[in-house]
Amino acid sequence: MGGAAQTLALAHMIMATALPVRLRLLIPAVENAIAGNAFRTSDVLTARNGLTSEIVSTDAEGRLILADALVAACEPAGTPIDVPHPAAPADGAPAAAAAAAPPPPPPPLPPVGQPPAPPADAPALIVDCATLTGAQRVAMGPSIPSYWTHHDAVAARLDAAAAAADDLVWRLPLHEPYRGMLRSTVADCVNCSAGGLGGAITAALYLDQFVVAGIPWVHVDFMGWTAAASAGRPEGGEPMGLRALYGLIAERFGGR
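Below is the structure:
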C-alpha cells in the first residue's frame, strides 16, 4: 500500500495548495488472500484494455491491478470505471458482430526520437507510484526511488524539482531489448520476467503496455520504508520522491 499512500499524499498536497489542475486519483485496492477464486500460476488474465497476461509469478500481483488503473487513467474523463474491457461484447450483442468490427487505422509514426502525439482528450500527465519490485531496492538501495518515462522533457523537469526539494530520484531506462523478456507463448505477455535480471526495468516495461502512446507518464518504484532512523528520517514508512513529484506538477501546471 506504499504507492497508494504516496499518491494520496500527493493528491492532498495538490488540493491543500489549490493548484489549478483537474486531478483524478485512482487507487486499485484488492484483498490479497487465499480463496477458491484466487489466481494461480499458468492462469491467463485479461486486462481492462484486452491485453492478456500469463501468470508466471503470483508474487508479481501488484502490477496486474496497477495495469488496469493505468488503462483507466488514459480513458476520457467521465468513463465509468466498471465498464467491460473492449474484448467483451455488450450485453445482448452477438460475439461475432463484436469481433467483425474493423480495427481503427494506426496513427502516423512520429519523427524518430520523438514520442507520438497524445489523443486530444488525453490527460496531460499520468503519475503512478508503487513499492513494486525488490529488484529496485537491490539496484538503488533503500533510500533512492527510481522512475521511468519516455518523455525527456518530463524527466528534466522532475530532476530539477528533485534537486530543488532535496528529494533524490533516479531515472532508469525503458530498455526496449528487455521487452523480449516478457514474451509468452499463450498470452500477450508474462506478468514477470524470469531469472530476476533487470526486474525493475521489465516491471516498468510491463506497465508501459497499458499506457496510451504519447501520454506523458512517470512510473515511480520505491521502497517506502526507513529501517534505521537518521537525521530528519525517523524509522518507519516514508514517502520517497513525493516532494519531487509535487514540484514537477506545481511547476508544470501551477506556474510555480
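For reference, each letter of the sequence shown is one residue, going -18 to -1, 1 to 238 in mature numbering (1 follows the signal peptide of the UniProt record, and there is no 0).
Quick reminder that beta carbons are idealized off the backbone N, C-alpha and C, glycines included.
(1) What are the boundary residues of the alpha helix (DSSP H) that includes D190?
(2) What would DSSP say about V53, mapped onto helix, strand or coil?
(3) Which residue from Y160, E217, G162, L107 puts its Cα closest to that of H201?
(4) On the three-pair Cβ rule with 8 Å, is the region 27 to 45 touching the region 179 to 198?
(5) Buried or exposed: which applies to G60, given that a residue is buried once 16 or more other Cβ atoms fall within 10 Å of its Cβ?
(6) Can you tell me the Cα-Cα spacing of M(-6) and G181, whole angstroms?
(7) Relative to the C-alpha of A176, which candidate in L(-11), D203, A169, R165 has its C-alpha closest?
(8) Tell me the rounded alpha-carbon separation between M(-18) and E233.
(9) Count the other CB atoms, across all protein chains shown, that sit within 10 Å of the CB of A213; report buried if there are 16 or more and exposed otherwise.
(10) Whole alpha helix (DSSP H) runs in the region 117 to 189 with 4 or more residues, listed along the chain?
(11) Considering only their Cβ atoms, is the gap separating L230 from A143 smaller than 7 Å?
(12) Are the beta-carbon atoms belonging to R161 and A137 less than 7 Å from one another?
(13) Rounded to whole angstroms, what's the CA-CA distance from D134 to V172? Just pull it up for me.
(14) Compare the C-alpha of I63 against each of G44, L7, T115, A17 and name the closest.
(15) Identify whether T40 lies in helix, strand or coil by the three-state DSSP scheme.
(16) Compare the C-alpha of P101 against each of C56, A145, A117 and name the closest.
(17) If we count the other Cβ atoms within 10 Å of its Cβ and call it buried at 16 or more, is I16 buried or exposed?
(18) Give the straight-line distance between the Cα atoms of V38 and A185, rounded to the nearest whole angstrom.
(19) Quick one: what does DSSP say T(-12) is sitting in, helix, strand or coil?
(20) What do you get for D148, buried or exposed, if any count of 16 or more other CB atoms within 10 angstroms of its CB means buried?
(21) Taking the CB atoms as reference points, tell me whether S35 and A169 lie closer together than 7 Å.
(22) Which whole-angstrom value describes the C-beta separation of A54 and D203, a residue pair presumed to lie in contact below a C-beta threshold of 8 Å?
(23) Compare the C-alpha of P58 against each of G18, Y228, L140, I197 and name the closest.
(24) So, using beta-carbon positions, are L114 and G44 closer together than 7 Å?
(25) Cβ of Y160 versus every heavy atom of the ligand SAM: is any distance shorter than 6 Å?
(26) Any idea if P127 is buried or exposed, counting beta-carbon neighbours within 10 angstroms, 16 or more meaning buried?
The structure says:
(1) As a position in the sequence shown, residue 190 is number 208, starting the count at 1. First-last of the alpha helix (DSSP H) with D190: 181 to 190.
(2) The residue labelled residue 53 in the question sits at position 71 within the sequence shown. DSSP places V53 in helix when its eight states are reduced to three.
(3) What you label residue 201 is simply residue 219 of the sequence shown in a count that begins at 1. Considering only alpha carbons, the answer is L107.
(4) yes
(5) Reading the sequence shown from its first residue, position 78 is the one you call residue 60. Burial call: exposed.
(6) In the sequence shown, the residue the question calls residue -6 occupies position 13. In the sequence shown, the residue the question calls residue 181 occupies position 199. Rounded to whole angstroms, M(-6) to G181 spans 31 Å at the Cα level.
(7) For the purposes of this step, residue 176 is identified with residue 194 of the sequence shown, where counting begins at 1. Checking every option, the nearest Cα to that of A176 belongs to R165.
(8) In the sequence shown, counting from the first residue as 1, residue -18 sits at position 1. In the sequence shown, counting from the first residue as 1, residue 233 sits at position 251. Whole-angstrom Cα-Cα distance: 27 Å.
(9) Position 231 of the sequence shown, counting from 1, holds the residue named residue 213. A213 is exposed by the Cβ-count criterion.
(10) 134 to 147
(11) For the purposes of this step, residue 143 is identified with residue 161 of the sequence shown, where counting begins at 1. For the purposes of this step, residue 230 is identified with residue 248 of the sequence shown, where counting begins at 1. Yes. Within cutoff.
(12) Translated into the one-based positions of the sequence shown, residue 161 becomes position 179. Translated into the one-based positions of the sequence shown, residue 137 becomes position 155. Taking 7 Å as the Cβ cut-off, R161 and A137 do not qualify as a contacting pair.
(13) In the sequence shown, residue 134 corresponds to position 152, counting from 1. In the sequence shown, residue 172 corresponds to position 190, counting from 1. If I take the Cα positions, the gap works out to 28 Å.
(14) Within the sequence shown, numbered from 1, the residue matching residue 63 stands at position 81. Comparing Cα positions, the closest option is L7.
(15) Numbered from its first residue, the sequence shown carries residue 40 at position 58. In the structure shown, T40 sits in coil (DSSP, three-state: anything other than H, G, I, E or B).
(16) Position 119 of the sequence shown, counted from the first residue, corresponds to residue 101. Of the listed residues, the one whose Cα sits closest to P101 is C56.
(17) On the sequence shown, position 34 is the one that residue 16 refers to. Per the 10 Å Cβ criterion, exposed.
(18) Stepping through the sequence shown from its first residue, residue 38 is reached at position 56. Stepping through the sequence shown from its first residue, residue 185 is reached at position 203. Each residue's alpha carbon lies about 13 Å from the other.
(19) Stepping through the sequence shown from its first residue, residue -12 is reached at position 7. Three-state result, T(-12): helix.
(20) Taking the sequence shown and counting its residues from 1, the one referred to as residue 148 is at position 166. Answer is exposed; the Cβ neighbour count stays below 16.
(21) Looking up residue 35 in the sequence shown gives position 53. Looking up residue 169 in the sequence shown gives position 187. The answer is yes: Cβ separation under 7 Å.
(22) Numbered from 1 along the sequence shown, position 72 holds the residue referred to as residue 54. Numbered from 1 along the sequence shown, position 221 holds the residue referred to as residue 203. That belief does not hold up - the Cβ atoms of A54 and D203 are roughly 20 Å apart, past 8 Å.
(23) The residue you call residue 58 lines up with position 76 of the sequence shown. It is I197 whose Cα lies nearest to the Cα of P58.
(24) If you number the sequence shown from 1, residue 114 lands on position 132. If you number the sequence shown from 1, residue 44 lands on position 62. Cβ distance < 7 Å, so L114 and G44 count as in contact.
(25) With respect to small molecules bound, the structure shown includes none, and the ligand SAM cannot be examined in it.
(26) Counting from one through the sequence shown, the residue named residue 127 turns up at place 145. Flag for P127 reads buried.
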